[in-house]
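Just so you know, the protein sequences line up as chains A and B, in that order.
The opening residue of the first sequence carries number 1279 in this note's numbering; numbering runs sequentially from there.
The opening residue of the second sequence carries number 609 in this note's numbering; numbering runs sequentially from there.
We treat Cβ as the ideally placed atom computed from N, Cα and C, and that holds for glycine.
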Amino acid sequence: MICCKECIELLYSYLEGELSAEMETSLEEHFADCPPCIAFVNTYKATTLLCKNTLKSNDIPDTIKIKLKEFVDKNKPDFL
Amino acid sequence: MKFSDPTKDTLTEEQLVKDLQAGEMGSFEQLANLYQKKIYTLSFNLTRNITDSQDVTQEVLLILFRKGHTFQGKSAFSSWVYRITINASYMKLRTRKKEPKVSIEDILPTFNQGGFQYEKIQDWSENTESLLFGNETRDIIQKAVDLLPDKEKVVFILRDVEGLSSEKAGNILEISIPAVKSRLHRARLFLRKKLANYFWEYKTRKESK
Ligand SMILES: [Zn+2]
Chain A
1279 MICCKECIEL LYSYLEGELS AEMETSLEEH FADCPPCIAF VNTYKATTLL
1329 CKNTLKSNDI PDTIKIKLKE FVDKNKPDFL
Chain B
609 MKFSDPTKDT LTEEQLVKDL QAGEMGSFEQ LANLYQKKIY TLSFNLTRNI
659 TDSQDVTQEV LLILFRKGHT FQGKSAFSSW VYRITINASY MKLRTRKKEP
709 KVSIEDILPT FNQGGFQYEK IQDWSENTES LLFGNETRDI IQKAVDLLPD
759 KEKVVFILRD VEGLSSEKAG NILEISIPAV KSRLHRARLF LRKKLANYFW
809 EYKTRKESK
């Protein structure tokens, strides 16, 4: 039987659907019997989501937006 | 909701690149509007510094104003914007004093000799909703990302935060697709471990109250 360590190494490819059907089945058979791995998979997925939501929500501060607008007005090319 | 319609974005971008090539005047403001948030956010996630990110955004916009019209096609254009933003951000990081390197090796749970996990792993994935909106959690997540080595960090940001494909990320960073995938997996493992430690402490703190 495939061990936890191997499952975790293959986790990326498993989630991307890149494993052979045979490998996929052995991972799933392992997960069915291994609560720590289930917890690992869930938290691995949650990590991606949490980080994405947090980092995506960094907007440009209003003071910087104003400075950028001034900068664009001053520096945009003017061919006419 | 803040989600933008991706199909709409794509159309605007394509049209914009065409306008630029045709030398349309108004397109420079549109160009700035469309790209400045992307440039600023990417730079801020790499440098975590407001002034540096403003500088980078201005530098990149200037380059876009000067050279944007030389681009054929939208895909090449956006890859180019990502690439010059990353390079300009790295130039900023280079002038800073070096932080001590964090090892990315210690990212796996503990296994026994047969390769099985024997510690009890806490599954906090169900509780993230209630944790997510606290400023403390935000802080922890940003700090954890900041601790990633540069190579893993930039891959993580392009793939998981910006949502680019492995192909496109590999193209921007000029590395192979397998390299993108293995760096992304390592980055996720590293971040998972940092967050697991944090949620564990958080739980213990709550229970001891
Ligand atoms: Zn297992």
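- Assignment of Phe-719 of chain B by DSSP, reduced to helix, strand and coil, places it in the strand class.
- Close partners of Tyr-1292 of chain A in chain B (Cβ separation under 7 Å) are lacking, with about 11 Å as the shortest Cβ gap.
- Ligand 1 never approaches Cys-1329 of chain A closely enough for any of its heavy atoms to be under 6 Å from the residue's Cβ.
- The beta-carbon of Thr-649 of chain B is placed less than 7 Å from the nearest beta-carbon of chain A.
- The C-beta separation of Val-762 of chain B from Cys-1329 of chain A comes to about 14 Å, leaving the pair out of contact by the 8 Å criterion.
- For Gln-730 of chain B, the three-state secondary structure derived from DSSP is coil.
- Within chain B, the residues Gly-723 have their CB atoms less than 7 Å from the CB of Glu-1284 of chain A, given in chain order.
- Rounded to whole angstroms, the Cβ separation of Gln-644 of chain B and Leu-624 of chain B is 13 Å, and the two are not in contact under 8 Å.
- Spanning the alpha carbons of Phe-636 of chain B and Thr-1332 of chain A requires a straight line of approximately 30 Å.
- For the set B:Glu-667, B:Phe-685, B:Tyr-648, B:Ser-774, the Cα lying nearest the Cα of Glu-1296 of chain A is the one of B:Ser-774.
- Cβ atoms of Leu-628 of chain B and His-677 of chain B come within 8 Å of each other, at about 5 Å.
- Across the set B:Phe-679, B:Leu-672, B:Asn-657, the C-alpha of B:Asn-657 shows the shortest separation from the C-alpha of Ile-1342 of chain A.
- With 5 Å as the limit between CB and the heavy atoms of ligand 1, the residues that fall short of it are A:Cys-1282, A:Cys-1312, A:Cys-1315.
- Ranked by Cα distance from Leu-755 of chain B, the first of B:Ile-692, B:Arg-746, B:Ala-795, B:Gln-666 is B:Ala-795.
- Counting C-beta atoms within 10 angstroms of its own C-beta, Asp-1340 of chain A has fewer than 16 neighbours from the protein chains shown and is therefore classed as exposed.
- Here the alpha carbons of Ile-692 of chain B and Arg-704 of chain B stand approximately 19 Å from one another.
- Cβ-Cβ distances below 6 Å link Asn-653 of chain B to Ile-765 in the same chain, with the five nearest sequence neighbours on each side left out; the list follows chain order.
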